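Student: Protein chains in written order, with UniProt numbering: chain B, 1 to 536; chain W, 1 to 536. Think of the CB as a built atom: it goes at the ideal place given N, C-alpha and C, for glycine as much as any other residue. Keep in mind that this is a model prediction, so the values were computed, not measured. Take this structure, written in structure tokens, and hold onto it; I'll ask about it next.
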């Protein structure tokens, strides 16, 4: 049963999406993504071009063993070659062998591509479209027709472009999908042309397939829907060749929540954020924190005034409720922070702090001073918590550094490198001085080893801690190697992860600060002072 | 002289853009970005809120010492507080003290924000807008009025929203900028509302300020321009809070090339790609390879039919010419395209190399091996040129490293830091061994000093060389401090700048490689082998 607001989503992450540079999907990857899309309620999932490569063939076979619940998996291919018999084309046989009910066939709309690309004549192109669709129909398949380069073709030769769509319609295609293959169209052009197609060929359903080369793929698809198309093609996270395809993670909430179209169930919509991040993990690309709706920063608030207001009434600074799409609100710290940010963090850290408490302003001042020196706490919440506890007299001094020395010896000629780094450290713990030494494959790792070696004797739980990431940024680049260095260290105890920061003109000193705070915070996490799980 | 197609660009990278999580701009960063935007021909550059933090105050003062060529730098601030006298507000005094001709003032359009956020009444809000603008006008300043939350406010209470704009107009604002502060509007809403404002207040110029929360910031700004606004606010690379601001790197080519508006000179437009990448370097965020127009993949083509067609007639697969915006077509790695890349660079470096020359393939193999190890030559063309000359037997060995030692001693307690770094280096030049030692405020700078000290005796021109930037990236983040390190070093001789790269598990070794190649390349530049200026 479909309402007149029904939009049929068509995902092409597995085919067009995988054309993005840097994405190489295994068979397992493709199956995982297909099942997740199925759960999300996407009705059409394009699986690939059977026969183009062995992986795509296996994918369709494998899906028969572990079938999708509701979605139709669709095979993708081109029309037959010029002057060939469709029934005898091996490529089309491979497509039929994939055994899908639905096939998406793409053909040429742009006269230039027919004559220059295919090197054939305009009427043969019409025959190629017609024959191929009729052949698939004769084999009991249902056909979606992708009109490649539709918008450029229509702008150049509207009469011919329309005849290609008429050929597809007469041959039995059930949807005509207008593709902006080069991605250069703008929304007002899309609206105009979709309306003209609707008038020229009123008896068939239209779809839209957009690319992001002008930065308007999503707006173009929305413009098409508002002009009457009922199918929207796109990819998860907007993956795709060049600048990507229309991003379904952006399109779905716009169509469904903002414009009231009927795409998927509200319950399925709450899986959108999870789906976006899962797919980015599967394809092994860092998720885009700033992606609309599903990004980690999409509902993050920074400035002080904002935070006070958003806590009072979320509508004042949020365009919709993050929960609808399974995302969440997040408050971040920065040098634009105000008192309300400090209070918000105190609450998050489980620290009691009242706005009237003078310490609150002291913390804010300290924060601003340090950020002016180059510290950055928004990515280093653990260091901020230590700073706050220190101001409140709640920071237990677990050890005190007396000094350290690092020695590196490197012998290198053009082809050969041999190097050692040695760190010596002196710390005071419980009134006792302790001297320790360690090696590493660089000065920072030697220092890190020495600190751990010294402290693990007093705090055996340190043995479980390890560094998971280490980032360096030089501040004030113009001063070259004499400039200030900011180091961010991410640590883990196997369950939680936390990030700390250090700044110094000396990279070893900056690293030392961040490493030591990382250890201190790990110990704090295990202590009675703090039981809450903090993940960054 | 302005045409009726003139659009005034207004950049807010330094203010709204810096609200993006992960961006923390130093004073130096802000100055560099401002000068680049000035060169690009952006007429208005918002510098920050003077008085909100010490950095923004310094920025405006510093700009007086090294003024912009053409752009107006603009100070940003809010209206006076409720029931205060504008002339006595300290905040407004700080804004005036920044000494800019133009001030952008933001005020409330949405009744809800007046009553709930400011906790005042609707008529006091009108007085706040009016008083503040009149006060600035009385001090000889020109005012742009940013109507915060305009679209949400107008949707909720259009009559009141319009009165806020009337107040600003009557008080002497020269532009009313309609802000979609929460970023949730869609293009058709923007078009409709801009038209209504134009009818309600026909006598004043309008501007648009959009955010990308619905993924349509660029399309929204385009819709507003097509409905009559003449100022467009945005940021380089779309940086900004949450999902970012309208991306000027996307908007400018759309407005100028596709829609025929008059924004900047065609010559300046060719600097767009460079500006995008430079700003991403300054803020230390990886550039978005898939960004429309300026991304590295924006005009990338996969091998095969596609490439043949694009080389015959670029229009068939490209929505515009990449050269217009200083970007270039790129054929994604296949052996064949790899070779043409090498040839392309050889030509750029002024090196004669034929496709049939077997060295050509050797260079390609070496390049692929090194990139697989983590080297990156795209941002280090000087290192790539040295590699190429080495393969061709054109690299003169100027010195040979026998080894180095670095020693750091640091004494630190909570508040006090005292540290020394000492580097000893042994090099062979002209058959003679040379031992040299130097101090620095960190191990890398000590090493850099020692190398220079040793070599300057043989190559006195080194005295003119200096490091202008030093960047570290940890590859393979999961291995923590034991991971591989990539160092990029930018050097200058006062006229040219060039970048070299080093990779090693030891940060000092990676730094050493990059520093030494930087010196070698500087010497090459001065030699008869090469007279061409190379800047990265």
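Closer than 7 Å between beta carbons: that is the criterion. Which residues of the segment 50-73 of chain B meet it against chain W?
Tutor: Cβ contacts with chain W: none found.
Student: Counting only Cβ pairs nearer than 7 Å, list the residues of chain B close to residue 404/W.
Tutor: Locating residue 404/W in the second chain gives position 404, counting from the first residue. Those within 7 Å of residue 404/W in chain B are 410.
Student: For a cutoff of 8 Å on Cβ pairs, would you count residue 209/W as touching chain B?
Tutor: As a working mapping, residue 209/W is identified with position 209 in the second chain. It does not: the Cβ of residue 209/W has no partner Cβ on chain B nearer than 8 Å.
Student: CB residue 320/W to CB residue 342/W, shorter than 8 Å?
Tutor: Reading the second chain from its first residue, position 320 is the one you call residue 320/W. Reading the second chain from its first residue, position 342 is the one you call residue 342/W. For residue 320/W and residue 342/W, no; Cβs fall outside 8 Å.
Student: I believe residue 278/W touches residue 324/W by the beta-carbon criterion, under 8 Å. Please report the beta-carbon distance rounded to the nearest angstrom.
Tutor: To locate residue 278/W, count along the second chain from 1; it is residue 278. To locate residue 324/W, count along the second chain from 1; it is residue 324. In fact, because the Cβ distance is near 18 Å, the residues do not count as touching under 8 Å.
Student: Taking the C-alpha atoms as reference points, what is the distance between residue 532/W and residue 400/B?
Tutor: Here the question's residue 532/W lines up with position 532 in the second chain. Here the question's residue 400/B lines up with position 400 in the first chain. Unreliable placement is indicated for residue 532/W, whose pLDDT of 45 sits below 50; no coordinate value is reported for it.
Student: At a CB-CB cut-off below 9 Å, which residues of chain W make contact with residue 112/B?
Tutor: The count along the first chain starts at 1 and reaches residue 112/B at position 112. In chain order: 313, 315 and 316.
Student: Just to confirm the assignment, what range does the alpha helix (DSSP H) spanning residue 191/W have?
Tutor: Indexing the second chain from 1 puts residue 191/W at position 191. Here the alpha helix (DSSP H) through residue 191/W covers 187-200.
Student: What does residue 186/W reach in chain B if we use C-beta pairs closer than 8 Å?
Tutor: Taking the first residue of the second chain as position 1, residue 186/W is located at position 186. Result: 219, 222, 254, 258 and 259.
Student: Kindly say whether residue 160/W, judged by its beta-carbon, lies nearer than 8 Å to any beta-carbon of chain B.
Tutor: Walking along the second chain from the start, residue 160/W turns up at place 160. Answer no: the Cβ-Cβ gap between residue 160/W and chain B never drops below 8 Å.
Student: So which residues of chain B does residue 471/W contact, with C-beta pairs closer than 9 Å?
Tutor: As a first step, residue 471/W is located in the second chain; it is residue number 471 there, counting from the start. In chain order: 472, 473, 474 and 477.
Student: Establish whether the CB of residue 216/B and some CB of chain C are separated by less than 8 Å.
Tutor: The structure shown contains no chain C; its protein chains are B and W.
Student: Less than 8 Å between CB atoms is the rule here; does residue 79/W satisfy it with respect to chain B?
Tutor: Here residue 79/W refers to the residue found at position 79 of the second chain. Answer no: the Cβ-Cβ gap between residue 79/W and chain B never drops below 8 Å.
Student: Please report the distance separating the alpha-carbon of residue 522/B from that of residue 154/W.
Tutor: Start at 1 with the first residue of the first chain, and residue 522/B comes out as number 522. Start at 1 with the first residue of the second chain, and residue 154/W comes out as number 154. Rounded to the nearest angstrom, the two C-alpha atoms are 50 Å apart.
Student: Name the DSSP bridge partner or partners of residue 404/B?
Tutor: Your numbering for residue 404/B matches position 404 in the first chain. Note: residue 404/B sits in a beta bridge opposite 425/B and 410/W.
Student: For residue 425/B, which of 373/B, 395/B, 338/B and 516/B has the nearest alpha-carbon?
Tutor: For this step, residue 425/B is matched to residue 425 along the first chain. Minimum Cα distance to residue 425/B is reached at 516/B.
Student: Tell me whether the beta-carbon of residue 176/W lies closer than 8 Å to the beta-carbon of residue 204/W.
Tutor: Taking the second chain and counting its residues from 1, one reaches residue 176/W at position 176. Taking the second chain and counting its residues from 1, one reaches residue 204/W at position 204. In this structure, residue 204/W lies closer than 8 Å to residue 176/W by Cβ.
Student: In its own chain, which residues sit with a C-beta less than 6 Å from the C-beta of residue 54/W, not counting the 5 before and 5 after it?
Tutor: Residue 54/W sits at position 54 when you count from the first residue of the second chain. Nothing meets the Cβ criterion.
Student: At 3 residues or longer, what runs of the beta strand (DSSP E) sit wholly inside the segment 71-141 of chain B?
Tutor: Here the runs fully enclosed are 72-78 and 102-108.
Student: How many angstroms separate the CA atom of residue 437/W from the CA atom of residue 455/W?
Tutor: Working through the second chain from its first residue, we reach residue 437/W at position 437. Working through the second chain from its first residue, we reach residue 455/W at position 455. Their backbone Cα atoms lie some 12 Å apart in a straight line.
Student: With 16 other CB atoms within 10 Å as the buried threshold, where does residue 367/B fall?
Tutor: Walking along the first chain from the start, residue 367/B turns up at place 367. Counting Cβ neighbours within 10 Å, residue 367/B comes out buried, since at least 16 surround it.
Student: Counting only beta-carbon atoms, is residue 263/B nearer than 8 Å to chain W?
Tutor: Mapped onto the first chain, residue 263/B falls at position 263. Answer no: the Cβ-Cβ gap between residue 263/B and chain W never drops below 8 Å.
Student: By the 10 Å Cβ neighbour count, where 16 or more other Cβ atoms means buried, how is residue 542/W classified, buried or exposed?
Tutor: This structure does not reach residue 542/W, given that chain W is present from 1 up to 536, and the question cannot be answered.
Student: Taking the beta strand (DSSP E) that residue 209/W falls in, what are its first and last residues?
Tutor: Position 209 of the second chain, counted from the first residue, corresponds to residue 209/W. Here the beta strand (DSSP E) through residue 209/W covers 205-210.
Student: Closer than 6 Å by C-beta to residue 110/B: which residues in its own chain qualify, once you throw out the five before and the five after it? Chain order, please.
Tutor: What you label residue 110/B is simply residue 110 of the first chain in a count that begins at 1. Cβ within range, chain order: 149, 152 and 153.
Student: Using three-state DSSP, classify residue 479/W as helix, strand or coil.
Tutor: Walking along the second chain from the start, residue 479/W turns up at place 479. Unreliable positioning characterises residue 479/W in this predicted model, as indicated by a pLDDT of 48, which lies under 50. The coordinate reading is nonetheless provided below. Of the three classes helix, strand and coil, the one that applies to residue 479/W here is helix, per DSSP.
Student: In three-state DSSP terms, what is residue 28/W?
Tutor: Translated into positions along the second chain, residue 28/W becomes position 28. Residue 28/W falls in the helix class under three-state DSSP.
Student: Mapping the DSSP letters down to three states, classify residue 16/W as helix, strand or coil.
Tutor: Here the question's residue 16/W lines up with position 16 in the second chain. Correct three-state label for residue 16/W: coil.
Student: According to the Cβ coordinates, are residue 327/W and residue 273/W closer than 8 Å?
Tutor: Mapped onto the second chain, residue 327/W falls at position 327. Mapped onto the second chain, residue 273/W falls at position 273. Closer than 8 Å, so yes.
Student: Any beta carbon of chain W sitting closer than 8 Å to that of residue 535/B?
Tutor: Sequence index remark: in the first chain, residue 535/B carries index 535 (1-based). A caution first: residue 535/B carries a pLDDT of 36, below 50, which makes its placement in the model unreliable, though a value can still be read off. It does not: the Cβ of residue 535/B has no partner Cβ on chain W nearer than 8 Å.
Student: Could you compute how far the alpha carbon of residue 444/B sits from the alpha carbon of residue 465/W?
Tutor: The residue you call residue 444/B lines up with position 444 of the first chain. The residue you call residue 465/W lines up with position 465 of the second chain. Using only the alpha carbons, I get a separation of about 28 Å.
Student: For residue 512/W, which option in 462/W, 432/W, 418/W and 404/W has the closest C-alpha, if you only look at C-alpha atoms?
Tutor: In the second chain, the residue the question calls residue 512/W occupies position 512. If we check each option's Cα against that of residue 512/W, 404/W comes out closest.
Student: Answer with buried or exposed for residue 262/B, where buried requires no fewer than 16 other C-beta atoms within 10 angstroms of its C-beta.
Tutor: For the purposes of this step, residue 262/B is taken as residue 262 along the first chain, with counting starting at 1. Residue 262/B comes out exposed.
Student: If contact means a Cβ-Cβ distance below 8 Å, which residues of the segment 366-390 of chain B contact chain W?
Tutor: Hits within the stretch, in order: 368, 371, 372, 374, 376, 378 and 379.
Student: Alpha carbon to alpha carbon, how far is residue 314/B from residue 290/B?
Tutor: For the purposes of this step, residue 314/B is taken as residue 314 along the first chain, with counting starting at 1. For the purposes of this step, residue 290/B is taken as residue 290 along the first chain, with counting starting at 1. Using only the alpha carbons, I get a separation of about 19 Å.
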